[in-house]
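Q:
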Amino acid sequence: MSKLIISGSPHVHGDESVSKIMYTVVLALVPAMLVSVYFFGFDAIRVLAISVAACVFFEWLIQKYLIKGPLTINDGSAVVAGVLLAFNVPANLPWWILVIGALVTIGVGKMSFGGLGRNPFNPALVGRVFMLISFPVQMTSWPVPKPLFAPQLTDAITGPTALGILKEGIGAGKTIDQIMADPHMPDYIDRLTGNMSGSLGEMSAMALILGGIFMVIRKVIDWQVPVSIIATVYVFAGIFHLIDPQHYIEPAFHLFTGGLMLGAIYMATDMVSSPMSMKGKVVYGVGIGLLTIIIRLWGAYPEGISFAILILNAFTPLINMTMKPKRFGKATA
Amino acid sequence: MKLKTFALGGVHPEEHKLSANAPIVNLPLPAQLVVPLGQNLGAPPKPIVKKGDEVKTGQLIARAEAFISANLHAPATGKVVKVDEATDTSGYRRPAIYIEVSGEDKWAEGINPTNELVTRLDYSRDEIIAKVKEAGIVGLGGATFPTHVKLMLPPGKKADYLLINGVECEPYLTSDHRLMLEKAQEIMQGIRLMMIALEVKRAIIGVENNKPDAIAHLAAMALAHPGISVQALKVKYPQGGEKQLIKALVNREVPSGKLPIEVGCVVSNVGTAFAVYEAVTKNKPLIERVVTVTGLGLTKPSNFLVRIGTPVSALIQAAGGMPENSGKIINGGPMMGKAMTTPEVPVVKGSSGILIMPRELSSRKEPQACIRCSKCTTVCPMGLEPYLLARLSKLERYEDTEREQIMDCIECGSCQFTCPSNIPLLDYLRLGKFRTGQLIRNRK
């Protein structure tokens, strides 16, 4: 008889693996990918391909020649970062900006901290915010969606986002009613399906929610983070809307415009940079929701969730230290 | 109806109850028995026989001298050939009594070795405890805590419930399942006797819902026994854990660092209840037990009634022999059992099963970086943070592991089972528990 293997218990393992989790996330992103291809056509494919390829390439390059460590490009995390990065930029972004963004995402956001599992911030958001600050013009020139099979009605190539129109209108002293009358403002149906200007993957709330439900069912994310962000945004924005409906827009508007759904469901739930306990996840989600609305209402940018997530990422270690799971035998009396 | 279960965490490993339909079979006596002295939690008993002594089946061969200890009896008739060391199932060398088996079973005086059902219950509390102590009974669920000690409640403590563990949540194991099907009457008597000893009015037998035949059979039997009921439980590992079982059955939480009696409960295994019955009504010491021998490659997954001291290799032989591609022999179940270095070790009181794993399933997968997915925290039935405890243990920060309640870890392995990065969390936790325990003891 050949030698027996000795190791500690347990002697069986569930079927979870890192790559399985990562590719489940990619699968969850497919509906939003299809919507972006529908609205932006070849441009969407171009941006996705460049972003994913650049992220995987830079991870390989850094691991092979700088760290000289084991290669982990097969675990799928670079692919996830690549798709998410692409989702956070306009479909007409010049390729070289995207490549620089991918380098920052992988090089600064991930590898500089030691690779997967050690990055305190969501790498794709690090890349996105870097591009937003460095290339503000290119990063905020959104193409108008051109549905694949629809007749072309306008000649416009780029247009403002719903949040952009709102911010500008408020800045110009217009009332909400006046702003909503703007012909560029997407209506309810467009906001839900994603037929509006915006970053590649942030537009279709329906597609993003669909993927989110899939991830919750497959236990890749916990519902606590997205639900607490969305609920906080709704309640907080709702309070101000009740106080002054002509200055603060209705709360549902905030849910279906800009990157809120993408951020809440796919960026804030990044395992590595979000808290571990369920209590901690709720605190983190509420924090992101509050900060998002604060930035949207009173900040310099029309959009706020990227910054809100990055800032709460920084609080994750503190939240982990203080928000412990409910221990067995410590009954809540 | 929603089935009862414990609240926090838990996992559901793939079930392979291969031997569930194999009735309990008597395993023939081997030529030699090796009876290790340390088969119980606590101090090992002291041998009272020497080389050359003739012993009868059931005769006392080692006496418990400490409070937490258990007597040991000759599992068969024969001659003591030596008192020497032997490798036990965990790979340690321990003192053991070697008995050359004569082949003929001559039982020691006063023991009733027949299978007839005795339903006499007019024993006093002290009588029951004395007989259980004499018979060397320990918890047969695997923890091997001396049963007579458990039956003697600390002064001032009162038990409301006797909870009987028929959960058998380990995948593959079926020894308790078969016992519940084949010895239900005897188990009921054993429970009644323990209820008398503990002076409790209510006993609940918890059985996981993957054994509907056992639940139905026990429930039918329990009708004749007022105070005893059967509760079907949702299938979830580690429900056989004492604290998880109490939570599932009576919704009470044993406080951190305390014993079940703190919440008015005493927990005992179905196998132990059977042993108590035999000890009290038949004066039969604990010299045999039911052992499941199983594995995916095994030709005859079986449940054997085995004399203590029988080599594990004889059990494997009787179950069809070691499959060609075997990689691991586990004493116990796949979640909490110990990998054995050799099958040439004796069956002891705590052996509930022998599991043979094919080579391709025997090696661990390559560990990867922790992605902080928090699955280990979600599945921990004690509400601990395994990722954190493992990290602190690795950094040798034992004051921090103590503060994070590492001593509450029940070593169920759910965290490691679920870890997508294949990190050996439980290895680190065990090491951390050991070191933290030293730290706590040194402080006293």
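As given, the protein sequences belong to chains A and B, one line each in that order. Heads up: the first sequence runs through residues 62 to 394, numbered per our numbering. Heads up: the second sequence runs through residues 3 to 446, numbered per our numbering. In this text, a Cβ means the ideal position worked out from N, Cα and C, and glycines have one as well. Just so it is clear, the structure is predicted and the values come from calculations on it, not from any experiment.
1) Do the CB positions of P312(A) and L227(A) come within less than 9 Å of each other?
2) Between V144(A) and chain B, is the shortest Cβ-Cβ distance under 9 Å, so that the two count as touching?
3) Taking L145(A) as the reference, give the member of D136(A), G162(A), T133(A) and P155(A) with the closest Cα.
4) Quick check on the DSSP output: what are the complete alpha helix (DSSP H) runs of length 4 or more inside the segment 125-194 of chain A, in order along the chain?
5) Is the CB-CB distance between A88(B) and P47(B) below 9 Å?
6) Below 9 Å between beta carbons: does that hold for C417(B) and C382(B)?
7) Where does M94(A) sit, in a helix, a strand or coil, going by DSSP?
8) By the three-class DSSP mapping on this structure, what secondary structure does N327(B) have?
9) List the residues of chain A that T343(B) touches, going by C-beta distances under 7 Å, in chain order.
10) Helix, strand or coil for E387(B) per DSSP?
11) Would you mind telling me which residues of chain A sit closer than 7 Å to D429(B), beta carbon to beta carbon, in chain order?
12) Exposed or buried, what is T393(A) when buried is set at 16 or more other beta-carbons lying within 10 Å of its beta-carbon?
13) Measure the beta-carbon distance from P287(B) to A137(B) and round it to whole angstroms, keeping in mind my assumption that it falls under 8 Å.
14) Quick one: what does DSSP say T176(B) is sitting in, helix, strand or coil?
15) Assuming G273(B) and Y174(B) make a contact with CB atoms under 8 Å, what is their CB distance in whole Å?
16) Determine the chain B residues that contact G75(A) at a beta-carbon separation under 8 Å, and present them in chain order.
17) Are the segment 325-339 of chain B and the segment 43-58 of chain B in contact at 8 Å, needing three or more beta carbon pairs?
18) Contact check, I106(A) vs V98(A) under 8 Å by CB: the rounded distance?
19) Helix, strand or coil: how does DSSP classify S71(B) here?
20) What separation, rounded to the nearest whole angstrom, lies between the Cα atoms of T236(A) and Q307(A)?
21) Closer than 8 Å, Cβ to Cβ, to anything on chain A: give me those residues from the segment 316-333 of chain B, in chain order.
22) Are any of the Cβ atoms in chain B nearer than 9 Å to that of N381(A)?
23) Judging by CA-CA distance, which residue of G243(B), Y279(B) and P228(B) is the nearest neighbour of E118(B)?
24) So V209(B) and L220(B) are in contact, right, with Cβ under 8 Å, and what is the actual spacing, rounded?
25) Relative to the C-alpha of H72(A), which candidate in R194(B), E413(B) and N271(B) has its C-alpha closest?
26) When the Cα of L195(B) is compared with those of G158(B), T176(B) and I130(B), which residue comes out closest?
27) For the segment 300-314 of chain B against the segment 140-155 of chain B, are there 3 or more C-beta pairs whose distance is under 8 Å?
28) Excluding the 5 residues flanking C378(B) on each side, which residues of the same chain have their C-beta closer than 7 Å to its C-beta?
29) Residues in the segment 154-183 of chain B with C-beta within 8 Å of chain A's C-beta atoms, listed in sequence order?
30) Taking all protein chains shown into account, do 16 or more other C-beta atoms lie within 10 angstroms of the C-beta of Q233(B), making it buried, or fewer, making it exposed?
31) By the 10 Å Cβ neighbour count, where 16 or more other Cβ atoms means buried, how is W156(A) classified, buried or exposed?
32) Measuring CA to CA, which of L153(B), K6(B) and S126(B) is closest to L164(B)?
33) Grab the span of the alpha helix (DSSP H) containing A321(B) for me, first residue to last.
34) With 16 as the cutoff for other CB atoms within 10 Å, does N183(A) come out buried or exposed?
A: To lay it out plainly:
1) Not closer than 9 Å, so no.
2) No, because no Cβ of chain B sits closer than 9 Å to the Cβ of V144(A).
3) Ranking the options by Cα distance to L145(A), first place goes to G162(A).
4) Within the segment 125-194 of chain A, the runs of alpha helix (DSSP H) that reach at least 4 residues and sit entirely inside it are, in chain order, 138-148 and 156-164.
5) No; because the gap between Cβ atoms is not below 9 Å, this pair is not in contact.
6) Yes; because the gap between Cβ atoms is below 9 Å, this pair is in contact.
7) In the structure shown, M94(A) adopts helical secondary structure according to DSSP, grouped into three states.
8) If DSSP states are grouped into helix, strand and coil, N327(B) belongs with coil.
9) Correct list: L65 and I67.
10) Three-state DSSP puts E387(B) in coil, outside helix and strand.
11) Those are G69, listed as they occur along chain A.
12) With a pLDDT of 45 at T393(A), under the threshold of 50, the modelled position of that residue is not reliable, and no figure is offered here.
13) Sure, about 4 Å apart at Cβ, within 8 Å.
14) If DSSP states are grouped into helix, strand and coil, T176(B) belongs with coil.
15) Their Cβ separation, rounded to whole angstroms, is 16 Å, which puts G273(B) and Y174(B) out of contact at 8 Å.
16) For a Cβ distance threshold of 8 Å, residue set V13, P15, F419 and T420 of chain B lies close to G75(A), ordered along the chain.
17) Taking 8 Å as the limit for Cβ pairs, the verdict is that the segment 43-58 of chain B does not touch the segment 325-339 of chain B.
18) Correct: roughly 6 Å between the Cβ atoms.
19) In this structure, S71(B) counts as coil in the three-state DSSP scheme.
20) Straight-line Cα distance between these residues: approximately 5 Å.
21) Taking 8 Å as the cut-off between beta carbons, the residues of the segment 316-333 of chain B near chain A are M324, S328, G329, K330, I331 and I332, in sequence order.
22) Residue contact check for N381(A) against chain B: a CB pair falls below 9 Å.
23) Taking E118(B) as reference, the option from G243(B), Y279(B) and P228(B) with the minimal CA-CA separation is Y279(B).
24) The pair is a contact, with the Cβ atoms about 7 Å apart (cut-off 8 Å).
25) With distances taken between Cα atoms, H72(A) lies closest to E413(B).
26) When C-alpha distances from L195(B) are compared across G158(B), T176(B) and I130(B), the shortest belongs to I130(B).
27) No, because fewer than three Cβ pairs between the segment 300-314 of chain B and the segment 140-155 of chain B fall closer than 8 Å, the two stretches do not touch.
28) Around C378(B): P388, Y389, C417, T420, C421 and L427.
29) Of all residues in the segment 154-183 of chain B, the ones placed with a Cβ closer than 8 Å to any Cβ belonging to chain A are P173, in chain order.
30) So Q233(B) counts as buried.
31) The residue in question, W156(A), is exposed, as its Cβ has fewer than 16 Cβ neighbours within 10 Å.
32) Nearest of L153(B), K6(B) and S126(B) to L164(B), Cα basis: L153(B).
33) For A321(B), there is no enclosing alpha helix (DSSP H), as DSSP marks it with neither H nor E.
34) Under this definition N183(A) is a buried residue.
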